[in-house]
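*Asks:* Please read through the structure below; I'll follow up with questions.
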Amino acid sequence: MMVVTSRLLAMGVSLVGLYFYTRVLDKSDWAAGLVMALIGETAFAMLDMGLGLCLERRLPGILAREHREGLILIGVFVVVVIASAAVVAFGLYGWCDALAVALMKDPLKSGVILWGIPFAMAVMWRSALFCVMRGTNCFGRLSILSLSSQIFFVAGTVGGYLLMGLKGFLIGAAIAYALPCAYESWKLRRYFNVVPAFRDIWRYLKYSRSMLGERVVNAGYSFADQWVIGLVLPAASLATYNVPRSFFDRFQTLLDGMWMVPTTLLSRESARGPDAVRAAMRRLRRVFTYLFVPIGVGLLASSYFLVDILGGSKYHDAVEPFAILALHYLVLGLAAANAIIGISTIAPPGDRLRSILSKNVAYLICLPLLAKWFELNGVVGAKLMATVVEAIVAAMLMRRVLQVNWEWDSLRAVALPAALLFVVVAGGQYYFYSRLVAPLFMAAGTAIYLYLFFRRVAEEDLLFLEHILPDRARPLVKLGRWCRPGAK
């Protein structure tokens with residue numbers, strides 16, 4: 003419950019910060035801050051030698067078997083992170099002019115790179131603490147660190163920018179991350195009291211070598227879009243892209259909790275044989291369609307309104323990228339979510355690897371081509387294309403493993419309600435747009451969708467939907483029963 007609450011608060015803080023950034027900061031200045039954060043995140047992912055993943059996956063077992071050996075692994079990780087941070091700091095200092103030209107399109111902004119070095123170091127520090135907290139199962143402290151650093155970040159960056167401009171933004175960002183990281187490091191100091199020997203460092207570097215490739219591939223998928231925007235498109239494009247990206251990244255953290263339910267269900271059902279797994283997959287396929295299709299359609303229809311609220315008139319060019327990312331969630335509802343869950347839970351390791359490779363290869367092929375042809379929309383479209391390819395490959399693999407065919411009943415249940423939802427929300431905002439009137443059309447479209455959906459959905463799906471929804475959302479299903487034919 004604490005994790006879910008912190009995610010809700012973090013999303014609220016992030017959207018409040020986004021509102022202030024788009025109103026207070028100049029586009030190019032905000033893009034410069036995003037570049038320094040990108041450098042820090044990418045450097046940590048690329049230079050931790052796979053030890054971050056090793057901590058997250060192997061440290062709990064090592065600590066349970068031999069506590070001191072786990073502390074040695076943490077010590078090795080700290081040494082590698084410190085060495086990586088030193089390399090990054092010297093690299094930024096030596097290549098500040100080239101980076102200013104390549105990423106900010108302005109040779110006069112080399113000073114921005116220098117002032118941003120502490121911020122990049124703080125980003126690496128925060129990422130390292132996240133790995134340690136996951137490996138030691140300190141998820142409560144991880145949620146506190148994530149939320150507190152975001153609150154300090156919004157206050158520090160906006161306040162620093164108002165006082166000192168871009169220089170103040172970067173200094174405020176570094177302090178905002180460093181303060182909570184220092185406090186949490188002190189709280190976790192019992193894990194940092196072992197200094198590893200050189201042979202331990204070499205031993206764990208070889209031990210984590212198998213995870214280095216996965217770490218690099220995941221980092222490439224996570225940050226390639228921002229690097230392409232920074233290197234190829236105008237400097238302000240990164241700020242434009244960050245409006246939809248920030249919204250959907252925070253929105254995804256809320257949906258991540260939903261993956262735990264089907265993952266746990268499939269893991270439990272897999273012990274009961276293939277027939278039980280097939281039945282569970284069919285239910286999940288329908289229910290995820292019921293959940294993701296209205297979300298995707300609603301966000302797609304409300305793209306202009308949401309961008310107008312979050313970004314204001316300066317960021318209306320972010321409407322199309324926002325709409326493409328909304329289509330991404332529509333694809334998740336139609337095909338990807340259930341197939342990807344099945345692949346990650348019950349498929350053999352070889353099938354999982356094929357699914358991951360298909361997604362990343364498709365993304366790396368589409369990204370430069372679509373970015374060249376369609377600029378910012380192409381960058382966002384590449385992520386959509388990668389999800390489509392992953393969904394197709396995962397569905398084919400699941401059909402071969404479980405003989406699960408396409409489910410049409412769920413589409414019949416949501417097709418008409420989703421179409422009317424889009425017509426009411428998008429049509430109302432197109433013809434009668436106002437920031438005050440638009441929420442009324444959104445509410446009307448949602449009410450129409452829910453009424454028609456509850457009348458058309460099967461009773462067994464309604465029971466399963468009620469089972470996986472949070473306790474506070476279950477009264478909505480009970481209310482929906484009154485809409486069903488024959489209800490009293």
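Going by our numbering, the sequence shown opens with residue 3, and the numbers climb by one from there.
Built from N, CA and C at the ideal position, the CB exists for glycine as well.
All values reported here derive from a predicted model rather than from experimental measurement.
(1) Would C217 be called buried (16 or more neighbouring beta carbons within 10 Å of its own) or exposed?
(2) Quick check on F434: buried or exposed, where buried means 16 or more other Cβ atoms within 10 Å of its Cβ?
(3) Tell me whether G35 sits in a helix, a strand or coil according to DSSP, three-state version.
(4) From this set, A199, E58, Y179, F376, which residue's C-alpha is nearest G158's C-alpha?
(5) Given a cut-off of 8 Å, decide if F250 and Q431 are closer than it, judged by their beta-carbon atoms.
(6) For the segment 318 to 330 against the segment 442 to 460, do three or more pairs of beta-carbon atoms, one drawn from each stretch, fall closer than 8 Å, so that the two count as touching?
(7) Any idea what DSSP makes of W97, helix, strand or coil?
(8) For I153, which of M444, L467, L11, A388 has the nearest alpha-carbon?
(9) Going along the chain, which residues of its own chain have a beta-carbon closer than 8 Å to the beta-carbon of N362, five neighbours each way excluded?
(10) Pick out whichever of A91, L55, P198, A237 has its Cα sitting closest to the Cα of P109.
(11) Would you please state the rounded distance, in angstroms, between the beta carbons of G137 and L57? I believe it to be under 8 Å.
(12) Confirm, please, whether the CB-CB distance from M106 to V26 is below 8 Å.
(13) Look at the Cβ atom of L332, then the Cβ atom of V299, and state whether they are nearer than 8 Å.
(14) Kindly confirm or deny that the segment 171 to 185 and the segment 56 to 72 touch, where touching means at least three C-beta pairs closer than 8 Å.
(15) Under 8 Å, with one C-beta from each stretch per pair, do the segment 123 to 134 and the segment 32 to 49 reach the 3-pair mark?
(16) Could you tell me the alpha carbon to alpha carbon distance between V381 and V103, rounded to whole angstroms?
(17) From L454 to K111, what distance separates their C-alpha atoms?
(18) In angstroms, rounded to a whole number, what distance separates the CA positions of L49 and V83?
(19) Enumerate, from N- to C-terminal direction, the unbroken alpha helix (DSSP H) stretches of 4 or more residues contained entirely within the segment 288 to 322.
(20) Quick check on the DSSP output: what are the complete alpha helix (DSSP H) runs of length 4 or more inside the segment 107 to 152, in order along the chain?
(21) Apart from the five residues on each side of it in sequence, which residues of its chain come closer than 6 Å, Cβ to Cβ, to R29?
(22) What is the DSSP secondary structure of P487, reduced to helix, strand or coil?
(23) Going by C-alpha distance, which of L372, L481, Y23 is nearest L168?
(24) Under DSSP, the alpha helix (DSSP H) around E216 begins and ends at which residues?
(25) Taking 8 Å as the cut-off, decide whether the C-beta atoms of F155 and L40 are in contact.
(26) Taking 7 Å as the limit between beta carbons, can you name the residues of its chain near A428, skipping five residues before and five after?
(27) Determine the contact status of V245 and L20, defining contact as a CB-CB distance below 8 Å.
(28) Comparing alpha-carbon positions, which option in S436, L53, G174 lies nearest R211?
(29) So, for A446: in the same chain, excluding its five sequence neighbours on each side, which residues have a beta-carbon less than 6 Å away from its beta-carbon?
(30) Grab the span of the alpha helix (DSSP H) containing M444 for me, first residue to last.
(31) How about M135 and L149: do their beta carbons lie closer than 8 Å?
(32) Is the beta carbon of R356 sitting closer than 8 Å to the one on L399?
(33) In this structure, how does DSSP classify D50 when only helix, strand and coil are distinguished?
(34) Determine the contact status of R437 and D353, defining contact as a CB-CB distance below 8 Å.
(35) At which residues does the alpha helix (DSSP H) containing E68 begin and terminate?
*Replies:* Result, derived from the coordinates:
(1) The question names Cys, yet the displayed sequence has Arg at residue 217. Residue burial is scored here from C-beta neighbours: R217 has at least 16 other C-beta atoms within 10 angstroms and is therefore classed as buried.
(2) The residue in question, F434, is exposed, as its Cβ has fewer than 16 Cβ neighbours within 10 Å.
(3) G35 falls in the helix class under three-state DSSP.
(4) Looking only at A199, E58, Y179, F376, the smallest Cα-Cα distance to G158 is reached by Y179.
(5) At the C-beta level, Q431 and F250 stay beyond 8 Å of one another.
(6) Too few Cβ pairs lie closer than 8 Å, so no.
(7) In the structure shown, W97 sits in coil (DSSP, three-state: anything other than H, G, I, E or B).
(8) Restricting attention to M444, L467, L11, A388, the CA atom closest to the CA of I153 is found in L11.
(9) Once the five neighbours on either side are set aside, the close Cβ partners of N362 are V219, G222, Y223, A388.
(10) The shortest C-alpha separation from P109 is found at A237.
(11) Sure, about 4 Å apart at Cβ, within 8 Å.
(12) Contact check for V26 against M106 fails: the beta carbons are separated by 8 Å or more.
(13) In this structure, V299 lies closer than 8 Å to L332 by Cβ.
(14) Of all C-beta pairs linking the segment 171 to 185 to the segment 56 to 72, fewer than three are shorter than 8 Å, placing the two stretches out of contact.
(15) They touch, by the three-pair rule.
(16) Spanning the two alpha carbons is a distance of roughly 21 Å.
(17) Spanning the two alpha carbons is a distance of roughly 56 Å.
(18) C-alpha separation (whole angstroms): 8 Å.
(19) Runs found: 305 to 313.
(20) Within the segment 107 to 152, the runs of alpha helix (DSSP H) that reach at least 4 residues and sit entirely inside it are, in chain order, 112 to 117, 119 to 137.
(21) A small fix is needed here, since residue 29 is Lys in this sequence, not Arg. Excluding sequence neighbours, K29 sits near A238, A241.
(22) Reduced to three states, the DSSP call for P487 is coil.
(23) With respect to the C-alpha of L168, the residue from L372, L481, Y23 having the closest C-alpha is Y23.
(24) It spans 211 to 234 - the alpha helix (DSSP H) in which E216 sits, taken as one unbroken run.
(25) Their beta carbons are not under 8 Å apart, which means F155 does not touch L40 by this criterion.
(26) For A428, where only same-chain residues beyond five positions count, the Cβ hits under 7 Å are A303.
(27) Contact flag set, yes.
(28) The option with the nearest alpha carbon to R211 is L53.
(29) For A446, the CB contacts under 6 Å within the same chain, skipping 5 residues up- and downstream, are V426 in chain order.
(30) Looking at the DSSP string, the run of the alpha helix (DSSP H) that includes M444 is 440 to 458.
(31) No.
(32) Judged by beta-carbon spacing, L399 lies within the 8 Å limit of R356, meaning their Cβ atoms are closer than that value.
(33) In the displayed model, D50 falls within coil according to three-state DSSP, outside both helix and strand.
(34) Not closer than 8 Å, so no.
(35) First-last for E68: undefined, no H or E at that position.
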